[in-house]
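Asks: In terms of this note's numbering, the first sequence is residues 683 to 1347. C-beta atoms are modelled at their ideal positions from N, C-alpha and C, and glycine is treated no differently.
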Amino acid sequence: MPLQLKKELNEKQYQAAVQLEGPLLVIAGAGSGKTRMITFRIAYMLEMGIHQSNILALTFTNKAALEMSERVKEITGQKLSNLTVSTFHAFGVKVLRKTIDKLGYKDTFSIYDQTDKISAIKNAAREMGIHPESLDTFELANLFSGIKMGRIKWNDGNRQFKELYNSYMEHLFLYNAVDFDDLINLPIKIFKEFPDILKAYQQQFKYIMVDEFQDTSSRQYEFIKMLGTRYRNLCVVGDDDQSIYSWRGANYQNIVNFELDFPELVEIKLEQNYRSTKNILAAANKLISHNKNRKEKELWTGVEHGRSIEIFYPENETREAEFITEMIQTLTLKEGVKYHDFGILVRTNSLSAMIENALLSDNIPYKVSGGKSFFQRKEIKDIVAYMRILENPDDDVNLLRILNTPRRGIGNATLKKIRELADRQDYSLYSAMVALKWAADSPVTQKAKASIDDFIDLIEYFREKIAEGQQLVPAIKNLIERIDYWGYLLLEHQKNDKVAKWKYKNVGIFMDIFERWEKNPDNKGKGLINFLNKITLITRDEESDDEKGKLNLMTIHASKGLEFEIVFLAGVENNIIPHARSIEENPDNIEEERRLFYVAITRAKKKLFMTSCRTRKIGHEIVDTGPSPFLEEIPKELIEFHVPETSVDQEEAEDYFARIKSSFK
DNA sequence: CGTCTCCAGGTTTTT
DNA sequence: CCTGGAGACG
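(1) Using the beta-carbon count (16 or more within 10 Å), is residue 771 buried or exposed?
(2) How close, in whole Å, do the beta carbons of residue 1233 and residue 1047 come, if the pair is a contact with beta carbons under 8 angstroms?
(3) I need the DSSP call for residue 1184, collapsed to helix, strand or coil.
(4) Cutting at 7 angstroms between CB atoms, please list the residues of its own chain near residue 921, excluding the five before and the five after it.
(5) Who are the Cβ neighbours of residue 836 in its own chain at under 8 angstroms, not counting the five residues just before and after it?
(6) Terminal residues of the continuous alpha helix (DSSP H) containing residue 1084?
(7) What first and last residue would you give for the beta strand (DSSP E) that runs through residue 1234?
(8) On the three-state DSSP scale, how would you describe residue 894?
(9) Would residue 1081 and residue 1071 be called neighbours here (beta carbons separated by less than 8 angstroms)?
(10) Compute the Euclidean distance between the alpha carbons of residue 691 and residue 1166, then round it to the nearest angstrom.
(11) Roughly how many whole angstroms lie between the Cα atoms of residue 1116 and residue 1183?
(12) When you compare only the Cα positions, how much space is there between residue 959 and residue 1269?
(13) What's the C-alpha gap between residue 1284 and residue 966?
(14) Report the CB separation of residue 940 from residue 738 in whole angstroms; it is logged as a contact under 8 angstroms.
(15) Using the rule of at least 16 other Cβ atoms within 10 Å of the residue's Cβ for burial, across every protein chain shown, is residue 1143 buried or exposed?
(16) I'd like to know whether the C-beta atoms of residue 762 and residue 889 end up nearer to each other than 8 angstroms.
(17) Assuming residue 694 and residue 1037 make a contact with CB atoms under 8 angstroms, what is their CB distance in whole Å?
(18) For residue 848, count the other beta carbons within 10 Å of its own beta carbon; 16 or more makes it buried, fewer makes it exposed. Which is it?
(19) Compare the Cα-Cα distances from residue 833 to each of 1138, 932 and 1312 and report the closest residue.
(20) Cutting at 6 angstroms between CB atoms, please list the residues of its own chain near residue 1251, excluding the five before and the five after it.
(21) Between the C-alpha atoms of residue 743 and residue 936, what's the straight-line distance to the nearest angstrom?
(22) Does the beta-carbon of residue 924 have 16 or more other beta-carbons within 10 angstroms, so that it is buried, or is it exposed?
(23) For residue 800 and residue 861, I'd like the C-alpha separation in whole angstroms.
(24) To which residues does DSSP link residue 739 through a beta bridge?
(25) For residue 1309, does the three-state DSSP call read helix, strand or coil?
(26) Distance check for residue 1094 and residue 822, CA to CA, integer angstroms please.
(27) Across the stretch 1202-1214 and the stretch 1056-1073, are there enough close Cβ pairs to call them in contact, namely three or more that are closer than 8 angstroms?
(28) Between residue 1061 and the rest of its own chain, which residues show a CB-CB distance below 6 angstroms, the 5 nearest in sequence each way excluded?
(29) Within the same chain, show all residues whose beta-carbon is closer than 8 angstroms to that of residue 1148, passing over the 5 residues directly before and after it, in chain order.
(30) Identify the continuous alpha helix (DSSP H) that holds residue 1034 and give its terminal residues.
(31) Inspect the beta-carbon positions of residue 983 and residue 955 and report whether they are closer than 8 angstroms.
(32) I need the boundaries of the beta strand (DSSP E) containing residue 916, first residue and last residue.
(33) Tell me whether residue 1009 sits in a helix, a strand or coil according to DSSP, three-state version.
In structure tokens, the structure reads:
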């Protein structure tokens, strides 16, 4: 059945969807049906006979990529296994897998997340004779990222770390590993040094689309510019008001750069909001108009006025959490609101702990997106490290993780000797160990040497199994048994074998995921390395089917692109939003903090509750807090202010909830 | 020399 | 609550 574009889209959306040739800039306000436009645009391309392999759609999160490709499949009813809808980073991995050998890496390279990166920095420091404890490695990781992505320049304040930075980079190369930044940077490097490769990619991806364009970094922009500059069919979609990732290098000035680089572009603004009530939208519009640095636009909606935004002032964070859950119970019981229609948004991950407690004790099913992903749990990282080493034994960071896990008698003294040898010969640790195995005279004790030999035999045995192209899952299961990981967990958690059981169960779940992946015929890239690359890029958990029907608790950052019938925004306090550290860093960040607040407000469809505690426990202290200054930027008549509770009077509280119940519709 | 146990710290937002 | 590091013990 042909697409009914005119019926499915409004005038502006339609214009954007059918404008396939030439550069296109779409400024898409919050809730303006951006994803809808993009998915129909892709469907339209396919209908016009453009081959799926010629289309590239880039997003920032795995979630967005997944949603987009599912929706295109739904609309077209096709399988579309050659359509590339991917995150920037995943696309970078794809390019590198094919081309990284040009830079002297092997295609079995490891990808380092933040934790691995910090370990690598520590290794580099140790080798230079610097005590890693004397360094703020977390800060250094950020500095190195800034340097690498061209966002920070060497200056008198940071030049002292230049040598360490160079050493870090050399180590990555020695380990045959790349960090997240490299996933963008190295493809650019390859494109520059090997024009033929660039040309082939340009030739393939004649139509390129970029979602959340305001979140692209300068390097990411450079990347897509290189790809798109030949055919110039580059469509970028973004909203400068929702740029909230500048700390990670996002540069919404890229919108301006795009206008300069592609002067022939067509610009389309989507300003009709389909999501929120007039009240909520008016508040959001007014708030964001305080930002100086923005493209002029005014969202409007045909939706009804709706109810006021309400703000409450609980005494402390415990009361805040109780208030939120009580209100949710009331609304579900009396109004029939479903749990999945609620979103509770917070500025920082740590704020969610108290709310989680309250949800748990009220038996409200919820899911948190944020915090650590399943794949970053220690027990999973251990198993993954073994798998990494099978593919890439030079990966020192992962080798160190498993060298003595489970304990096999290779302690610090032995490790030091291995390190000395490795440094001297410019070997990876694994190569040094192999050399030790065959050396005539050994600097390590007899016992340690036996352990090293056993370890190498173990790895080599399983490397062969993997290389033989056998089923991977049974091989890894066999490996887990062989190292007696279960015994290790029991030993580690003697006092509490429930924890050991729980962790081992996680390992089982992980193997199930692995098995499902291996058996899925749609996965073209077989082999351990493809699985590893895929899961390393999942830094947050994706929604699974059993998560449906649950309430949503998340950071504001994680909420971008989502919407909820009813939103609770907790911790609407000064120093939380705007966040003290952010302002401290640079007072100009106030605009980004305001955008963050704007994103939070515009998630709400029908109703927005805000809470601002009067006191809050920070560390071990209870401090007085003040309401967020942003509240004053919203017209008073749009908000219903609730006088601070004077006492914890049960009767009063019940009376209050009765009132809310009767007034909410 | 390796392992176990106890202690301190927790980093805004994330690919 | 969990992780990583230091210092005591075997």
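Replies: On the basis of the data shown:
(1) Residue 771 should be labelled buried.
(2) Yes, residue 1233 and residue 1047 are in contact; Cβ-Cβ is about 7 angstroms, under 8 angstroms.
(3) Correct three-state label for residue 1184: helix.
(4) Only 709, 710, 711, 712 and 896 meet the Cβ criterion.
(5) Once the five neighbours on either side are set aside, the close Cβ partners of residue 836 are 829 and 844.
(6) Residues 1078-1085.
(7) Counting along the chain, the unbroken beta strand (DSSP E) around residue 1234 starts and ends at 1233-1237.
(8) The answer is coil: DSSP assigns residue 894 none of H, G, I, E or B.
(9) Taking 8 angstroms as the Cβ cut-off, residue 1081 and residue 1071 qualify as a contacting pair.
(10) When only Cα atoms are considered, residue 691 and residue 1166 end up about 58 angstroms apart.
(11) Per the coordinates, the alpha-carbon of residue 1116 lies some 35 angstroms from the alpha-carbon of residue 1183.
(12) Each residue's Cα considered, the two are about 32 angstroms apart.
(13) Distance between the alpha carbons of residue 1284 and residue 966: 7 angstroms.
(14) The C-beta distance from residue 940 to residue 738 rounds to 16 angstroms, too long to meet the 8 angstroms contact threshold.
(15) That one is exposed.
(16) No, these two residues do not count as a Cβ contact at 8 angstroms.
(17) Residue 1037 and residue 694 do not touch by the CB rule: their CB atoms are close to 38 angstroms apart, not below 8 angstroms.
(18) Exposed, by the Cβ-count rule.
(19) Proximity to residue 833 across 1138, 932 and 1312 peaks at 932, based on C-alpha coordinates.
(20) The residues are 1027, 1282 and 1292.
(21) Their backbone Cα atoms lie some 19 angstroms apart in a straight line.
(22) Classification of residue 924: buried, given that the 10 Å Cβ count is 16 or more.
(23) The straight-line gap from Cα to Cα measures roughly 10 angstroms.
(24) Listed as beta-bridge partners of residue 739 by DSSP are 767 and 891.
(25) DSSP places residue 1309 within a strand segment (E or B) once states are collapsed to three.
(26) Their backbone Cα atoms lie some 25 angstroms apart in a straight line.
(27) In the pairwise beta carbon analysis, the stretch 1202-1214 is classified as touching the stretch 1056-1073: at least three pairs are separated by under 8 angstroms.
(28) For residue 1061, where only same-chain residues beyond five positions count, the Cβ hits under 6 angstroms are 1185, 1188 and 1189.
(29) 1072, 1073, 1154, 1157 and 1210.
(30) First-last of the alpha helix (DSSP H) with residue 1034: 1034-1043.
(31) Yes; because the gap between Cβ atoms is below 8 angstroms, this pair is in contact.
(32) Element bounds for residue 916: 916-920.
(33) In this structure, residue 1009 counts as helix in the three-state DSSP scheme.
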